[in-house]
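*Asks:*
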Amino acid sequence: MPKKNACAARVAAMTDDEFTELAAAVDERRCRDEYGFGTYAEAAALYRPDPACPSCGAAEPSRDGWSESGLQRYRCESCGTRFNSLTGTVLEHCRKELATWVGFVNLMRFNVPLDAAAETCRVTHQTAWEWRHRIFAAVDGCQERIVLKDRVWIDETYVNDTDLAHGYGEARKRGLSKQKLCIAVAIDVHKNPVAVVCGHGKPSAKRIRDGLQSHIAEGSTIVGDKEKSHDSLVRAVKGTHEAYRADVGDPVYLERMSLVNNLCSWLKRYLWRFTGMDPKNLQSYLNWYVYLFRVNQARDRWPETERVVRHLLMTDARFHSST
Ligand SMILES: [Zn+2]
């Protein structure tokens with residue numbers, strides 16, 4: 351038998367309102383104990399101590415009191431804009447407690463279905479959908495700065511538009527490659543990945559080059575299957591080409607390409623979880639995948655959830671609810 355809980359009688363005697371407040375206070379404290387911040391104000395003080403003006407970008411705004419929820423308020427000396435420490439981040443105007451958000455980030459790290467996240471966090475499906483896209487908005491620029499180097503494996507993988515939108519096994523016209531969205535995938539010897547949407551159907555040399563060139567350092571060795579469409583990319587990055595004939599029955603080919611082949615299959619397995627997505631959001635899902643890949647790699651040095659919350663606070667981004 352578990353030991354009698356000393357708080358049980360007091361909790362049982364509470365009114366519904368008191369109980370709701372207690373639950374929120376417990377969540378707040380647990381969040382603080384685990385991650386080092388319990389409220390938006392505490393997280394903002396840690397990660398966004400003196401933000402630049404969101405209107406004109408001027409640094410060192412004057413402090414201008416506190417908001418009701420304890421957020422530092424500012425007034426810009428140059429343009430007069432008043433704002434607080436969350437203005438211009440995706441956490442601005444968030445009506446739920448930070449602990450609820452942190453719980454949602456935790457579930458998103460495991461890519462649980464939206465319905466499960468909504469129910470666990472006690473928010474509506476619509477709110478969960480919006481939060482997912484707020485997080486995407488903060489992470490969307492992350493891949494742009496990734497540059498792979500030294501030895502870089504590249505490949506293409508395909509997903510079906512209609513599969514993304516309606517589910518697998520849906521009736522569709524077979525063999526119509528125009529329905530397939532191409533994802534150009536690359537990973538280097540340091541295990542940095544990149545994944546970019548590369549249009550419909552089999553990509554031309556130009557589309558491959560446009561998709562990957564900015565992500566590969568000059569002079570890299572590009573390893574891929576014997577695809578003519580890779581030549582232009584190799585020339586553009588002044589790299590050397592190492593090409594193997596694609597043959598899944600050949601153990602040498604499989605071993606040499608295993609890193610990028612694995613990445614392609616992980617990526618597909620990940621995307622299958624989001625059946626029902628709008629294909630025009632595919633790049634955002636890929637950005638989140640690549641972002642998480644890196645967060646998970648560094649988990650020993652940097653706990654994942656703290657890092658994601660820090661990122662949300664430090665990134666100027668806006669969520670547009672147009673869709
Ligand atoms: Zn200003």
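If you read the sequence shown in this note's numbering, its first letter stands for residue 351, the second for the next number, and so on.
For every residue, glycine included, the Cβ atom is placed at its ideal position computed from N, Cα and C.
All figures in this text were calculated on a predicted structure; none of them were measured in a lab.
1. What distance in whole Å lies between the Cβ atoms of residue 592 and residue 625, which are believed to be in contact at a cut-off of 8 Å?
2. State the Cα-Cα distance for the pair residue 506 and residue 397, rounded to the nearest angstrom.
3. Around the C-beta of residue 411, are 16 or more other C-beta atoms found within 10 angstroms, so that it is buried, or is it exposed?
4. What residue does the alpha helix (DSSP H) around residue 378 start on, and which one ends it?
5. Rounded to whole angstroms, what's the CA-CA distance from residue 361 to residue 496? Just pull it up for me.
6. Quick check on the DSSP output: the beta strand (DSSP E) that includes residue 549 runs from which residue to which?
7. Given that a residue counts as buried once 16 or more other Cβ atoms are within 10 Å of its Cβ, and exposed if not, what is residue 379?
8. Relative to the C-alpha of residue 594, which residue among 401, 491, 386 and 504 is closest?
9. Smallest Cα separation from residue 574: which of 502, 568 and 618?
10. In the structure shown, what three-state DSSP assignment does residue 673 receive?
11. Just grab the DSSP bridge partners of residue 355 for me.
12. Let's test the definition: count the other Cβ atoms within 10 Å of the Cβ of residue 422 and tell me whether it reaches 16, buried, or not, exposed.
13. Could you compute how far the alpha carbon of residue 492 sits from the alpha carbon of residue 352?
14. Let me know the beta strand (DSSP E) ranges lying completely inside the segment 547-628, each 3 residues or longer, listed in chain order.
15. What's the C-alpha gap between residue 537 and residue 443?
16. When you measure from the CB of residue 409 to every non-hydrogen atom of ligand 1, does any distance come out below 6 Å?
17. What's the C-alpha gap between residue 405 and residue 622?
18. Roughly how many whole angstroms lie between the Cα atoms of residue 545 and residue 534?
19. Taking the beta carbon of residue 580 as the centre, do at least 16 other beta carbons fall within 10 Å, making it buried, or is it exposed?
20. CB of residue 655 to nearest heavy atom of ligand 1: below 6 Å?
21. Around the Cβ of residue 604, are there at least 16 other Cβ atoms within 10 angstroms (buried) or fewer (exposed)?
22. Kindly confirm or deny that the segment 416-430 and the segment 454-466 touch, where touching means at least three C-beta pairs closer than 8 Å.
23. Can you check whether the CB of residue 484 is closer than 7 Å to the CB of residue 669?
24. Ligand 1 heavy atoms versus the CB of residue 437: any closer than 6 Å?
25. Could you tell me whether the Cβ atoms of residue 559 and residue 596 are closer together than 7 Å?
26. Note the first and the last residue of the continuous alpha helix (DSSP H) segment covering residue 644.
27. Checking 7 Å against the spacing of the C-beta atoms, do residue 489 and residue 655 come in under that value?
28. How is the beta strand (DSSP E) around residue 481 delimited, first residue to last?
29. Using the Cβ count rule (16 or more neighbours within 10 Å means buried), how would you classify residue 673?
30. Output the distance between the C-alpha atoms of residue 354 and residue 664, rounded to the nearest integer angstrom.
31. Report, in whole angstroms, the separation of the C-beta atoms of residue 638 and residue 486, which I expect to be a contact under 8 Å.
*Replies:* If we stick to the structure as given:
1. Residue 625 to residue 592, Cβ: 36 Å. No contact.
2. Using only the alpha carbons, I get a separation of about 38 Å.
3. By the C-beta density criterion, residue 411 is buried, having at least 16 other C-beta atoms within 10 angstroms.
4. First-last of the alpha helix (DSSP H) with residue 378: 366-385.
5. Approximately 51 Å, taken between the alpha carbons.
6. Looking at the DSSP string, the run of the beta strand (DSSP E) that includes residue 549 is 543-550.
7. Label assigned to residue 379: exposed.
8. The alpha carbon of residue 594 has as its nearest neighbour, out of 401, 491, 386 and 504, the alpha carbon of 504.
9. Comparing Cα-Cα distances from residue 574 to each of 502, 568 and 618, the minimum goes to 502.
10. Reliability fails at residue 673, whose pLDDT of 44 lies under 50, so the model's placement of it is uncertain and the value that follows must be treated cautiously. In this structure, residue 673 counts as coil in the three-state DSSP scheme.
11. Residue 355 pairs with nothing; no bridge assigned.
12. Residue 422 sits buried, since 16 or more C-beta atoms from the chains shown fall within 10 Å of its C-beta.
13. Those two C-alpha atoms are separated by around 48 Å.
14. Runs of the beta strand (DSSP E) inside the segment 547-628: 571-575 and 590-594.
15. If I take the Cα positions, the gap works out to 38 Å.
16. No, the Cβ of residue 409 stays beyond 6 Å of every heavy atom of ligand 1.
17. Cα to Cα, the separation comes out at about 40 Å.
18. A direct Cα-to-Cα measurement between residue 545 and residue 534 gives close to 6 Å.
19. Residue 580 is classed as buried because its beta carbon has at least 16 other beta carbons within 10 Å across all chains shown.
20. Not so, every heavy atom of ligand 1 lies at least 6 Å from the Cβ.
21. Under the 10 Å beta carbon count, residue 604 is surrounded by fewer than 16 other beta carbons and is classified as exposed.
22. Output reads no: the segment 454-466 does not touch the segment 416-430.
23. In this structure, residue 669 sits near residue 484, with a CB-CB distance shorter than 7 Å.
24. Not so, every heavy atom of ligand 1 lies at least 6 Å from the Cβ.
25. Annotated as distal: residue 559 and residue 596, with beta-carbon spacing of 7 Å or more.
26. Its alpha helix (DSSP H) spans residues 632-647.
27. Their beta carbons are not under 7 Å apart, which means residue 489 does not touch residue 655 by this criterion.
28. Residue 481 -> not in any beta strand (DSSP E); alpha helix (DSSP H) instead, spanning 475-489.
29. A caution first: residue 673 carries a pLDDT of 44, below 50, which makes its placement in the model too unreliable to give a value.
30. Roughly 44 Å between the two C-alpha positions.
31. Going by Cβ atoms, the distance from residue 638 to residue 486 rounds to 6 Å, so yes, they are a contact pair.
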